[in-house]
Amino acid sequence: MSNAPIASDASREIVSPTATPPARSDFADRLRANSEYAVIPLFALLIAAVLFALFLLAIGKSPVDFVAYVWRGGFGTAFSLQNTLQRSAPLILTALAVAVPARIGLIMIGGEGALVLGGFAAAALAIPLINGHAPVTLTLILMAVFGMLVGGFWVGLSGFLRYARGVNETISSLLLTYIGIAIMNFFVEGALRDLSNPNKPSTMPIGDAYMVGKIPGTQVHWGFAFGLILCAALYVLMTRTTFGFAARVTGGNLRAALAQGLPVGRLIVACSAIAGACAGLAGFFEVTAIQGRANASLAAGYGFTGILVSFLARHNPLAIPPVAILLGGLVASGGLIQRRMDLPDATVLVLQGLIFVVLLTSETLYGRFAIFRPAGGRDRT
Amino acid sequence: MSEIGFSRRALLKSAAIGAAGMTLNLGGIRGALGAADLTVGVVYVGARDDFGWNQAHAVAIKSLKDVPGVKVVEEENVPETDAVSKSMESMINLDGAGLILATSFGYYLPFVVDLAKKYPDAQFRHAAPLWNKDKDPKNAGSYFGYLNQAHYVNGVAAGLSTKTNKIGFVAAKPIASVLSNINSVLLGARSVNPNATVQVIFTGDWSLPVREAEAANALVDAGCDVITCHVDGPKVVIETAEKRGAKTCGHNASQAPLAPKGFVTGAEYKWITIYKGYASDLAEGKTLSNFTAGGYEVDFVQNTPFGAGASEEGKKAALAAIDGLKAKKPIYVGPLKDNKGKVVIDKTYDNLDPFLDKMDYLLEGVGGSTT
């Protein structure tokens, strides 16, 4: 993937840490270069929309109706917009679980497992705390931290295997996801099962008093706000700190990083653990803001949709929220489309698939248009 | 079944006087809703044509659509996360739904309960016996069919259609409702064939097609010549058994088309009885019942018409068993031992007795283990 402008920013800082603020013409250059990253995806979205409109016409449905329902079901009313934001909340966190390792050159797709185990760990820790009548805030903080630790450990394991044993992290993180879900099922159907709930194996409910509420004045839970904060924080970490720079150097050229004496192993494990912690936090919010208990419903596929979000956002933490909201809106309006247009549930998946394929194809367009090139012939690559 | 009187006039009248608990159509965009008086929103956890649980509901919903004055909006493949909460809320807010039918087990807690508190003017009914009269809102409720009665009839027909006296059962998880179905198959078979046994294999989850096929094959290999199941979508089990030349009994919806040679009969829900009851109660301005449950005695379950695999005496005995169940003849005639020799059912229990809802054992005559 191409992170060229960010990399060049950072390298400039490293070369001259005391650099004076960039000159105005430099700013114009950067604007010109960066606008490429907005124009090409928007163009790709447009192409995907046209292809999807043709698909709808082919099956005898009106694309105009479709757009109207997406707007109404996903964004057009206060209810719809909050529906969209709430659905995007877990996607923002699970997308971060892909974006951070991507910066160090890893394709880590184990967010689902970390989400499930993080949520389960939080719910399991809650049982003794709640039985001991621990204060609500303290309990929630401990649950969140424990969920993030367990999630971080789970994806960190894939990172460690990559570094220490050369195991392909994509495969190992995917397989660990299934192991993680099985571990949760093992406990939820066994030692930690709430016996008063005979037909859906779950842990003990944490109870209304210990639930994380909504953001005041909205119907959106706090996971959305924490997702935004983490996106900003991880953007700063990955682009404005020596840790982030070292990670990106490692991702760009492993041998060069080793030759420079960078602690490659620690960087890989740290990035993986941060990723797992993000997914674990998503699991914590699924338990404390939605389900109220851990059970098989935690494995709802958020971790996998997060992969899509991260790729569409080009693994840029700042681009993740808008992409997650776009996808959240499509999913939120999917129900209305099913109900009103008599289309199957898979219709929205067709649109998502088209967007994904066209956006990935559009990657080949970067650097091909002179208009985005900075004046003065400075080559971006 | 007793036909429920249903007139457009009654619906209009009740709308005019503003029936309690009924939210009128608040209008949708582009007049998509037409002139319906009651909008029913239905959410399914899977596809409507899954040959199983969801199809059983969808078939009933299809005939609910024919009731004048009722408009139905449906959504399939809705997971048991806040997605279902939002789907139901969207049906209320954007479609003006006055009655929500939540058809999957995991929809109830916390989603249906929370939403019922938030929307006191809408009615919510959930397809599992979970409503708690002390804790849960009055505009929520449960409906459920005692499918084990239809499985008992499966057992009767299978007990007289088997040659090896071995019936195979592919089950998802060892939870109460599944165990009750397995035990009912055994008791049905034993009622007509004292030598009959049931062999059960648990797959561990509701939808594991590969493991379900393996289990069906293993049961046929072990000498079972009638195969039945309790999994979300029985399609794989029925087709696998048919291919192996075994007879089959269905579950949830009609699988007769999948097994033209070996199909005996199947245990089916008859949700339409309940759905039509709700619609007519709302139309007449009556308060909906919060807890609606039953089996053959109230026409909430049925058996699939006999297939080519059913023997003549099996058919006759099964029809007699259905008459018995309609007259509330008990299935669990105690004392009964579990398959480890312990007396688990001390006396004869009524078919709807809550004692039986807590079942966590397999009866003597069933091969297999709950752990």
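Line by line, the protein sequences are chains A and B.
By this note's numbering, the letter at position 195 of the first sequence is numbered 374, and the numbering carries on one by one without gaps.
By this note's numbering, the letter at position 204 of the second sequence is numbered 237, and the numbering carries on one by one without gaps.
Idealized CB from N, CA, C, for every residue including glycine.
### Query
Helix, strand or coil for B/V100 per DSSP?
Within the second sequence, the letter at position 67 stands for residue 100 of chain B. Coil.
### At least three beta-carbon pairs within less than 8 Å, the segment 268 to 288 of chain A to the segment 458 to 471 of chain A
Three or more pairs of CB atoms, one per stretch, sit closer than 8 Å, so the segment 268 to 288 of chain A contacts the segment 458 to 471 of chain A.
### Query
Relative to the alpha-carbon of A/V329, which residue among A/I219, A/V346, A/V391, A/I362 has its alpha-carbon at the smallest distance?
Numbered from 1 along the first sequence, position 150 holds the residue referred to as residue 329 of chain A. Answer by Cα proximity: A/I362.
### Task
Using a Cβ-Cβ cut-off of less than 9 Å, list which residues of the segment 111 to 130 of chain B approach chain A; keep chain order.
Taking 9 Å as the Cβ-Cβ cut-off against chain A, the residues of the segment 111 to 130 of chain B that qualify are V111, P112, E113, T114, D115, A116, S118, K119, S120, E122, S123, M124, N126, L127, D128.
### Query
What distance in whole Å lies between the Cβ atoms of A/G471 and A/M390, which are believed to be in contact at a cut-off of 8 Å?
Translated into the one-based positions of the first sequence, residue 390 of chain A becomes position 211. Translated into the one-based positions of the first sequence, residue 471 of chain A becomes position 292. Yes, they are in contact, since the Cβ atoms of A/M390 and A/G471 sit about 6 Å apart, within 8 Å.
### Query
Where does A/K240 sit, in a helix, a strand or coil, going by DSSP?
Here residue 240 of chain A corresponds to residue number 61 of the first sequence, with the count starting at 1. The answer is coil: DSSP assigns A/K240 none of H, G, I, E or B.
### Query
So, is the C-beta of A/R251 closer than 8 Å to a C-beta in chain B?
Indexing the first sequence from 1 puts residue 251 of chain A at position 72. A/R251 counts as touching chain B.
### Message
Output needed in chain order: residues of the segment 506 to 524 of chain A with a Cβ under 8 Å from some Cβ in chain B.
### Response
Those residues of the segment 506 to 524 of chain A that come within reach of chain B (Cβ to Cβ, closer than 8 Å) are V510, A511, G514, L515, Q517, R518, R519, P523, D524.
### Task
Taking B/V146 and B/A173 to be in contact with their CB atoms under 8 Å, please state how far apart those CB atoms are, rounded to whole angstroms.
Taking the second sequence and counting its residues from 1, one reaches residue 146 of chain B at position 113. Taking the second sequence and counting its residues from 1, one reaches residue 173 of chain B at position 140. That pair is a contact at about 6 Å.
### Message
On the DSSP bridge list, what partners appear for B/S123?
### Response
In the second sequence, residue 123 of chain B corresponds to position 90, counting from 1. Looking at the DSSP assignment, B/S123 forms no beta bridge with any residue, so it has no partner.
### Query
If you draw a straight line from the alpha carbon of A/S541 to that of B/H263, how long is it in whole angstroms?
Taking the first residue of the first sequence as position 1, residue 541 of chain A is located at position 362. Taking the first residue of the second sequence as position 1, residue 263 of chain B is located at position 230. Cα-Cα distance, rounded: 48 Å.
### Task
Would you kindly report the start and end of the unbroken alpha helix (DSSP H) that includes B/F144?
Within the second sequence, the letter at position 111 stands for residue 144 of chain B. Here B/F144 belongs to no alpha helix (DSSP H), and DSSP marks it neither H nor E.
### Task
For A/G471, go through chain B and note every residue whose CB falls closer than 9 Å to its CB, in chain order.
Start at 1 with the first residue of the first sequence, and residue 471 of chain A comes out as number 292. Going along chain B in sequence order, the residues near A/G471 (Cβ under 9 Å) are L142, P143.
### Query
Among all the DSSP beta bridges, which residues are the ones paired with A/E348?
Your numbering for residue 348 of chain A matches position 169 in the first sequence. Beta bridge pairing from DSSP links A/E348 with no other residue.
### Task
Check A/P184 in the structure and name its three-state DSSP category.
By 1-based counting over the first sequence, the position of residue 184 of chain A is 5. Confidence is the limiting factor: at A/P184 the pLDDT is only 46, short of 50, which leaves the residue's position unreliable, though a coordinate-based value still follows. Helix, per DSSP.
### Message
In whole angstroms, give me the CA-to-CA distance for B/P290 and B/K362.
### Response
Here residue 290 of chain B corresponds to residue number 257 of the second sequence, with the count starting at 1. Here residue 362 of chain B corresponds to residue number 329 of the second sequence, with the count starting at 1. Spanning the alpha carbons of B/P290 and B/K362 requires a straight line of approximately 31 Å.
### Task
Determine the direct distance from the alpha carbon of A/I499 to that of A/F422, and round the result to whole angstroms.
Here residue 422 of chain A corresponds to residue number 243 of the first sequence, with the count starting at 1. Here residue 499 of chain A corresponds to residue number 320 of the first sequence, with the count starting at 1. Between A/F422 and A/I499, the C-alpha separation is close to 21 Å.
### Query
With distances taken from CA atoms, which of B/Q182, B/T136, B/L220 is nearest B/L385?
Counting from 1 along the second sequence, the entry for residue 385 of chain B is found at position 352. The candidate whose alpha carbon is nearest that of B/L385 is B/Q182.
### 8 Å contact criterion, which B/Y311 and B/R158 should meet: CB distance rounded
Position 278 of the second sequence holds residue 311 of chain B. Position 125 of the second sequence holds residue 158 of chain B. Confirmed, about 7 Å.
### Query
On the three-state DSSP scale, how would you describe B/A326?
The count along the second sequence starts at 1 and reaches residue 326 of chain B at position 293. Of the three classes helix, strand and coil, the one that applies to B/A326 here is strand, per DSSP.
### Query
Leaving out five residues before and five after A/L450 in sequence, what residues of the same chain have Cβ atoms less than 6 Å from its Cβ?
What you label residue 450 of chain A is simply residue 271 of the first sequence in a count that begins at 1. The sequence given here places Cys at residue 450 of chain A; Leu does not occur at that position. Its chain contains V279, P280, I283, A426 as the residues whose beta carbon lies nearer than 6 Å to that of A/C450, once the 5 sequence neighbours on both sides are disregarded; these appear in chain order.
### Message
Give me the subset of the segment 92 to 113 of chain B whose CB atoms are less than 7 Å from a CB atom of chain A, sorted by chain position.
### Response
The residues in question are V106, E107, E108, E109, N110, P112, E113.
### Query
Mind checking A/N432: buried by the 16 CB within 10 Å criterion, or exposed?
Sequence index remark: in the first sequence, residue 432 of chain A carries index 253 (1-based). So A/N432 ends up on the exposed side.
### Message
Comparing C-alpha positions only, which one of A/T420, A/F206, A/F299, A/S489 sits nearest to A/L270?
### Response
Here residue 270 of chain A refers to the residue found at position 91 of the first sequence. When each option's Cα is compared against that of A/L270, the closest is A/S489.
### Query
Do we get a CB-CB distance below 8 Å when we pair B/F138 with the residues of chain A?
For the purposes of this step, residue 138 of chain B is taken as residue 105 along the second sequence, with counting starting at 1. Contact of B/F138 with chain A is assigned, a C-beta pair being separated by under 8 Å.
### Message
Can you confirm whether A/A479, when its beta carbon is compared against all beta carbons of chain B, has any partner nearer than 8 Å?
### Response
Within the first sequence, numbered from 1, the residue matching residue 479 of chain A stands at position 300. Yes, A/A479 lies at the interface with chain B (some Cβ there is under 8 Å from its Cβ).
### Query
Nearest to B/A229 by CA position, among B/A274, B/K166, B/V259, B/Y394, is which residue?
Numbered from 1 along the second sequence, position 196 holds the residue referred to as residue 229 of chain B. Relative to B/A229, the option among B/A274, B/K166, B/V259, B/Y394 whose CA is nearest is B/V259.
### Task
Closer than 8 Å, Cβ to Cβ, to anything on chain B: give me those residues from the segment 257 to 276 of chain A, in chain order.
Within the segment 257 to 276 of chain A, the residues whose Cβ lies closer than 8 Å to some Cβ of chain B are F258, S259, N262, Q265, R266, listed in chain order.
### Query
Rounded to whole angstroms, how far is the Cβ of B/L212 from the Cβ of B/Y394, which I believe are closer than 8 Å?
Mapped onto the second sequence, residue 212 of chain B falls at position 179. Mapped onto the second sequence, residue 394 of chain B falls at position 361. Going by Cβ atoms, the distance from B/L212 to B/Y394 rounds to 7 Å, so yes, they are a contact pair.
### Query
When the Cα of A/K393 is compared with those of A/G386, A/W401, A/D387, which residue comes out closest?
Along the first sequence, one-based indexing puts residue 393 of chain A at 214. The shortest Cα separation from A/K393 among A/G386, A/W401, A/D387 belongs to A/W401.
### Whole-angstrom distance between B/E397 and B/D371, CA atom to CA atom
Looking up residue 371 of chain B in the second sequence gives position 338. Looking up residue 397 of chain B in the second sequence gives position 364. So the alpha carbons of these two residues sit roughly 5 Å apart.
### Task
Evaluate contact between the segment 102 to 114 of chain B and the segment 279 to 299 of chain B, counting only Cβ atoms and requiring at least three cross-stretch pairs below 8 Å.
At 8 Å Cβ cutoff, the stretches do not touch.
### Message
Less than 7 Å between C-beta atoms, sequence neighbours within five positions excluded: which residues of the same chain meet that for A/S195?
### Response
On the first sequence, position 16 is the one that residue 195 of chain A refers to. For A/S195, the predicted model reports a pLDDT of 46, less than 50, meaning its position is unreliable and no value from the coordinates is stated.
#### Entry: Cross-chain neighbours of A/S375 in chain B, by beta carbon under 9 Å
The residue labelled residue 375 of chain A in the question sits at position 196 within the first sequence. Among the residues of chain B, none has a CB under 9 Å from the CB of A/S375; the nearest is roughly 11 Å distant.
### Task
Note down the Cα distance separating B/L193 from B/I200, rounded to an integer number of angstroms.
Position 160 of the second sequence, counted from the start, is the residue given in the question as residue 193 of chain B. Position 167 of the second sequence, counted from the start, is the residue given in the question as residue 200 of chain B. About 11 Å.
### Task
With a floor of 3 residues, list each beta strand (DSSP E) that falls wholly inside the segment 274 to 300 of chain A, ordered by position along the chain.
Here no run is fully enclosed.
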